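The block underneath contains the structure these notes are about, expressed in C-alpha cells.
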Amino acid sequence: MKLAVTLMFAVLLGGPAVAGSLTVTVRGADGKPVPDAVVTVNPGGRPTSGPIKFAWPYRVAQQNIQFTPFVLIVPAGAEVSFPNLDKVRHHVYSFSAGNKFELKLYGHEENRTVRMPAVGVAAIGCNIHDQMVGFIKVVDTAYAAKSDANGVATIADVPEGAAVIRVWHPYLRAPKNEKTLSLASIGAGPARETVTLELRAPSSH
Ligand SMILES: [Cu+2]
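Per the numbering used here, the very first residue in the sequence shown carries number 142; after that it's consecutive.
Below you can see the structure in the form of C-alpha cells.
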C-alpha cells in the first residue's frame, strides 16, 4: 500500500519516470574494448537517496596470486569480504584515503571482512606478492556497472532526466582516473553511448 501511494505521488508530482537501460561501450584509443571500466549515473547529479544494493557479491577473493575480481563496485558503507582461496598466505592492504585497511597474514580458506566507508577508490595490494593489484570503486549511486570483456556496461532502470554520467578506470589518464560524459539528459527508452578512454600502462606497483 505504501508503495502504491508513493507511486501515485510520483505520477501526480511529475517525478522521475523510469527510462530504461543505459548501455555504454568503452573503447581504448586503439579501438579495442576496455573491460573493468566503472560507469556510474547520478540522476540529477546527486547521490542516490536510501540504501543501495547491487546484485553481485561484495567480495574480492585471492586466487592464483591475484585479486578476483580485479575491479569491484560497492556502495559506500558496504562490508567487503576477502576470502583467501590460495594455499599461500596473503597480507592485504589499502593505503587509499578514507578506505585504509590492513589484513595481516592469513591463510587458505580463511576470510576477512572490511567496511568501505568513503566514496572513491580503495587500491588494494598484498605485502607478500607485489604483482597482486586490485581496485574497489566505492560509489554513492544505485546506477553503476562495470564493462565486460567486450567493453560494454549496461545499467538498468535509469530514471529519465538530467544526469551526470562518469566513466572510471584505474589506468585512465585523467584527474581521479575519471571522465565525465557530456550527455546531460537521459531520454525515455534505452540509451546508448560510446566513450573512448586513453589508458596508461599498468604501473609495476
Ligand atoms: Cu599475497
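All residues carry an ideal CB built from backbone N, CA and C; glycine is no exception. Given the structure is predicted, the values throughout are model-derived calculations rather than measurements.
With DSSP as the reference, identify every bridge partner of residue i, one or two as the case may be.
i, result
"HIS231", "TYR247"
"GLU220", "ARG256"
"ILE214", "LYS278"
"GLY261", "VAL279"
"ARG307", "THR181, THR321"
"GLY266", "TYR234, VAL274"
Between which two residues does the beta strand (DSSP E) holding residue i run?
i, result
"GLN272", "Note, GLN272: premise wrong, no beta strand (DSSP E); not H, not E."
"TYR312", "No beta strand (DSSP E) contains TYR312, which DSSP labels as neither H nor E."
"TYR199", "Note, TYR199: premise wrong, no beta strand (DSSP E); not H, not E."
"ARG333", "332-338"
"ILE296", "293-300"
"PHE354", "Nothing about residue 354 can be read from this structure; the chain reaches only from 142 to 346."
"LYS287", "284-287"
"PHE208", "207-209"
"LYS241", "That residue, LYS241, is in no beta strand (DSSP E); it is neither H nor E in DSSP."
Check whether the Cβ of residue i sits closer than 7 Å to any heavy atom of ligand 1, and report yes or no.
i, result
"HIS249", "no"
"ILE306", "no"
"GLN207", "no"
"MET257", "no"
"GLN203", "yes"
"ILE269", "yes"
"HIS310", "no"
Whole beta strand (DSSP E) elements within the segment 162-191, 3-residue minimum = 179-184
request  = Please confirm if the segment 250-263 is in contact with the segment 221-234, defined as three or more CB-CB distances below 8 Å between the two stretches.
outcome  = yes
query = When the Cβ atoms of the segment 292-309 are set against those of the segment 163-180, are three or more pairs found closer than 8 Å?
reply = yes
query = Between the segment 327-346 and the segment 295-309, do three or more beta carbon pairs fall short of 8 Å?
reply = yes
ask   = Between the segment 274-289 and the segment 207-218, do three or more beta carbon pairs fall short of 8 Å?
value = yes
inquiry  = Does the contact criterion of 3 or more C-beta pairs under 8 Å hold for the segment 225-239 versus the segment 203-211?
reply    = yes
task = Would you be able to state if there are at least three C-beta pairs under 8 Å between the segment 266-275 and the segment 247-255?
result = no
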